[in-house]
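The listed protein sequences derive, respectively, from chains A and B. With the first sequence counted from 1, adding 177 to any position gets you this note's numbering. With the second sequence counted from 1, adding 177 to any position gets you this note's numbering. Working notes, beginning with the structure itself.
There are 2 protein chains.
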Amino acid sequence: MPKLLETSLGVINVGLAQFAQTVTAAGGAATQVDWQPPALGDRAAGMALARLTGDARIEQANARAFAAFLGAVPVLRGIGAAGDTLPGMGERMILHAGPPIEWPRMCGPMQGAIVGAILYEGWANDADEARALAASGELAFEPCHHHAAVGPMAGAISPSMPVWIVEDAARGARAFSNINEGLGKALRFGAYGPEVLQRLKWIECSLAPALGTALGLLGGLELKPLVAQALIMGDEVHNRNAAASALLLRRLAPALARARLPHEELAQALEFMAGNEHFFLNISMALCKLALDAAHGVAGSSMVSAMSRNGVEFGIRVSGLGDRWFNAPAAAIDGLYFAGYGANDAARDLGDSSITETAGFGGFSMAAAPGIVKFVGGTPEDATANSLRMRHITLGESDSFQLPALDFRGAPCGIDLRLVVDASIEPVINTGIAHREAGIGQIGAGLTRAPLACFIQALCALDDELNGR
Amino acid sequence: MPKLLETSLGVINVGLAQFAQTVTAAGGAATQVDWQPPALGDRAAGMALARLTGDARIEQANARAFAAFLGAVPVLRGIGAAGDTLPGMGERMILHAGPPIEWPRMCGPMQGAIVGAILYEGWANDADEARALAASGELAFEPCHHHAAVGPMAGAISPSMPVWIVEDAARGARAFSNINEGLGKALRFGAYGPEVLQRLKWIECSLAPALGTALGLLGGLELKPLVAQALIMGDEVHNRNAAASALLLRRLAPALARARLPHEELAQALEFMAGNEHFFLNISMALCKLALDAAHGVAGSSMVSAMSRNGVEFGIRVSGLGDRWFNAPAAAIDGLYFAGYGANDAARDLGDSSITETAGFGGFSMAAAPGIVKFVGGTPEDATANSLRMRHITLGESDSFQLPALDFRGAPCGIDLRLVVDASIEPVINTGIAHREAGIGQIGAGLTRAPLACFIQALCALDDELNGR
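Next up, the structure:
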């Protein structure tokens, strides 16, 4: 009797699961290997990938870019007015999230935020006037990313708005973000009612100067130790910033007291920060932007240096590909909605906050944040699985930020677009959900993914660049 | 051929592992069942256990005690001076941790703390005078537990010291603890140098009044939601209180600002709280004491209502057994030491803080605190295993406090001394380690266990009580 038939036979099936199912349906044993062709079978991308995989120039460039990313030492330095502080910010300019987009194509919440910023600046008397001005071409709309800044959701930043200044103690470079307004009706979700504008004015005139004084008294605040501790405390510093916000308040409160504000004004500043568990989000975003900017501009590098969404398009930038954006349609979000809202009310994926995932936080560090998974409709196992999956598409692990649930291994970070295309694994993103119409606000939160198409385009561009087709 | 021999044989071995090892050494298959005789083979305890197991009177009493424990609604109500506030507190009385103990038998750090308390009260001019006074019999030394109070480590509370007042909104009952002094040289670890006494005076004269005013302005602070959030943020609210302390500061800071202290005094108060990640510990202990007091005094109940150590003896109290203590020698601690110290320098197990384990926190909630396990020399798996193991000796799970790493199941709580004796599983305790001599302070932290002997004694006493031998 042939030896083969003395033991029971098994089948290993690679790829399409149906073949394995046929075997098991007939009573046999089949082990299914989860595999699919690179780039979902896109032939041109597959050929480019073959040329770029193992290319020593890319490996060296990525090593440099990744080291620069890890080497950033972000310090919260102070507060400035956007108009005076952001490089290249114009007098009649409003910044927005994501890749470039013109007023008519903007999604509802972004148009709402632009209307709100115009009213806040006093450039119009009501929403209709503001819309007319926005449509007139008299104002410049540019991405935050083009001005070393990032803003959550709509990301509207106008010249009078105060911005956080995060400085790289290693290089002196700076990155910026606006100040978080809290949940519910907020400009970043497209709301522009009187209470929204009033709060923004209070932030500008009362909170921001006090924070600036406090940071001056502290001589700045090193951010890596604070974020490292927050990850041990259940934050992924994108959709959950409860610990980081509390730790920030803990550091700032004594200095705020020494800023000698009137007691009631001080109490209101502390209360505002204490009541907003997302207060740290914008700082988290700015420190990610800073570290990724350090990695940007290394010729030949396939490391992704930005992922961002304007509500219509999802765009990425790549270290070795200069200031080009590689865009694809923004995805819908798989999430949980506040009572009375559903998927039909939702705007598409929006905001610069996916800079946190680009730096290894958010969805990449989901394993750190079991507290968040219920909110976005998952289990602690899903959270850990997301972080493990992201290891397949990243250059390495953080040397500063550990994930307790993964036995204190470093957060996966440094997305290599070759790995994304090869495994067809799209980066996972935790995000808030805005109403699709202007003026309403947040209606939920959930999970989404960066579209593979962005990475395929960028891969082909890198192939052009390096292999001169 | 007999059917038995057609398949391969396996052995199931219950109890002593050596029998199974013999089988596997000879090439056979043996499955080892981890079992040992109840009460480690103590015949009298085993007989008592047999009588008490399944006793309907106990089941009903435990159900009542456990429901009362879960039903407590602890509110941080304010601050008072121990002498005016603690029930039965005498003018020349100093309270200490653990079961009753006389001055000559006290361990080094407890004697040091008593010396410090005498100097703090101005009852003596130096340490020698203080020792002479302590030995003279003119002062009364009583357990904190006899005055509705708990204190970490030495637990020294003298009449002028401010105490937290935690009130049960469900029953109006109160429990108390002193205010945490921070790490390093501290009275609770037996240090009594000038900087220790100075800090205690500052706490009494500056910090405590401000905290009292702030809590008054807030109208009290509900503690269960705060602790529930802290467990999601990596605290087990015994050896790790980083999140709870930050959340408390977040709540208190605006009210402290409204207390209209001079700015520098306010800044110092905020700085002190911000710089002490154990600030919440004493509040945690008081809320545990309050909930366990609610469960205490149910005739027939085998639920443990206190576990505490005076550095010489470990003592427990049981709901159905009145005010009696059941003591055994305090254990040494398996821990990690600060540089320059080792096991030979360590005092034995000390402090009322094991009230947190009695209520289901600390070692019982280790699964919540992966960040702490390195500090006490373990892995995240050890942490989870500890929490799972404690399920075997507890009456149920908390309905308020969830452990994310156990899929958000409730913390195991309500120790049933029958279950402890039956499985010979000793409750696990996370703890700090004091130097064995007076005047030095903390030298490490680690894990210890409540001695089985306490539970065996209490079990026999309950058997006497119920079965009238």
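Glycine residues also receive a C-beta, built at the ideal position from the N, C-alpha and C atoms.
When the beta-carbon positions are compared, A/Val598 and A/Leu226 come within less than 9 Å of each other. Interface criterion not met: the Cβ of A/Lys401 is under 9 Å from no Cβ in chain B.
Only residues of its own chain outside the window of five on either side were considered, and among them Ala387, Leu433, Ala434, Ala436 have a CB closer than 8 Å to the CB of B/Leu443, listed in chain order.
For A/His273, the enclosing beta strand (DSSP E) stretches over residues 270-273. The distance from the Cβ of B/Phe243 to that of B/Leu572 is about 5 Å, consistent with a contact at the 8 Å cut-off.
Under the three-state reduction of DSSP, A/Val598 is assigned to helix.
Note on the segment 297-362 of chain B: whole beta strand (DSSP E) runs with a minimum of 3 residues are 317-320, 339-345, 351-355, in chain order.
The beta carbons of B/Ala638 and B/Arg501 sit closer together than 9 Å. Out of A/Gly265, A/Leu374, A/Ile356, the CA that lies nearest to the CA of A/Asn302 is found in A/Leu374.
Counting other Cβ atoms within 10 Å of its Cβ, B/Phe196 stays below 16 and is therefore classed as exposed. Rounded to the nearest angstrom, the gap between the Cα atoms of B/Ala524 and B/Tyr518 is 12 Å. Sequence-distant partners of B/Ala347 (beyond 5 residues in either direction) whose C-beta falls short of 7 Å from its own C-beta, in its chain, are Gly248, Ala249, Val250. Taking the CA atoms as reference points, B/Phe541 sits about 13 Å from B/Arg586.
When B/Ala385, B/Ala430, B/Asp526 are compared, the shortest CA-CA separation from A/Glu448 is found for B/Ala430. Within the segment 572-589 of chain A, contact with chain B at the beta-carbon level (separation under 8 Å) is assigned to Pro581, Ala582, Asp584, Phe585. Remark: C-beta atoms of A/Ala471 and A/Ala635 do not approach each other more closely than 9 Å. Taking all protein chains in view, the Cβ of B/Asp576 is surrounded by fewer than 16 other Cβ atoms within 10 Å, so the residue is classified as exposed. It is roughly 33 Å from the alpha-carbon of A/Ile592 to the alpha-carbon of A/Gly267. In the three-state DSSP reduction, B/Leu572 falls in the strand class (E or B). For chain A, none of the residues of the segment 375-387 of chain B brings a beta carbon within less than 7 Å of one of its beta carbons.
The Cβ atoms of A/Ala385 and A/Pro339 lie closer than 9 Å to each other. Within the same chain, and ignoring the five residues on either side of A/Ile610 in sequence, the residues whose Cβ sits closer than 8 Å to its Cβ are Ile510, Gly512, Tyr514, Ala523, Ala524, Gln619, Ile620, Gly621, Ala622, Gly623. With a contact defined as Cβ atoms closer than 8 Å, B/Val343 and B/Ile532 miss out at about 12 Å.
Between B/Asp529 and B/Val210 the beta-carbon gap is near 38 Å, outside 8 Å, which marks them as no contact.
B/Ala206 and B/Leu193 have their C-alpha atoms some 16 Å from each other. Among the residues facing chain B, A/Pro557 is included, as its CB has a counterpart in that chain under 9 Å away. Buried is the label assigned to A/Ser496, since at least 16 other Cβ atoms lie within 10 Å of its Cβ. Of the candidates B/Asn453, B/Glu306, B/Arg595, the residue whose Cα lies closest to the Cα of A/Arg428 is B/Asn453. In this structure, A/Ala311 sits near A/Trp280, with a CB-CB distance shorter than 9 Å.
No Cβ-Cβ contact shorter than 9 Å links B/Asn190 with B/Met480. Ranked by how close their Cα comes to the Cα of A/Thr625, the residues A/Asn607, A/Ala615, A/Arg613, A/Glu642 have A/Asn607 in first place. Counted as a single uninterrupted DSSP element, the beta strand (DSSP E) harbouring B/Ile592 occupies residues 586-592. B/Trp341 and B/Pro276 have their C-alpha atoms roughly 21 Å apart. Within the segment 415-428 of chain A, the residues whose Cβ lies closer than 9 Å to some Cβ of chain B are Ala419, Ala420, Ser422, Ala423, Leu424, Leu426, Arg427, Arg428, listed in chain order. Runs of the beta strand (DSSP E) lying entirely within the segment 499-577 of chain B and spanning at least 3 residues, in chain order: 503-506, 511-514. As the crow flies, the alpha-carbon of B/Thr184 is around 46 Å from that of A/Met567.
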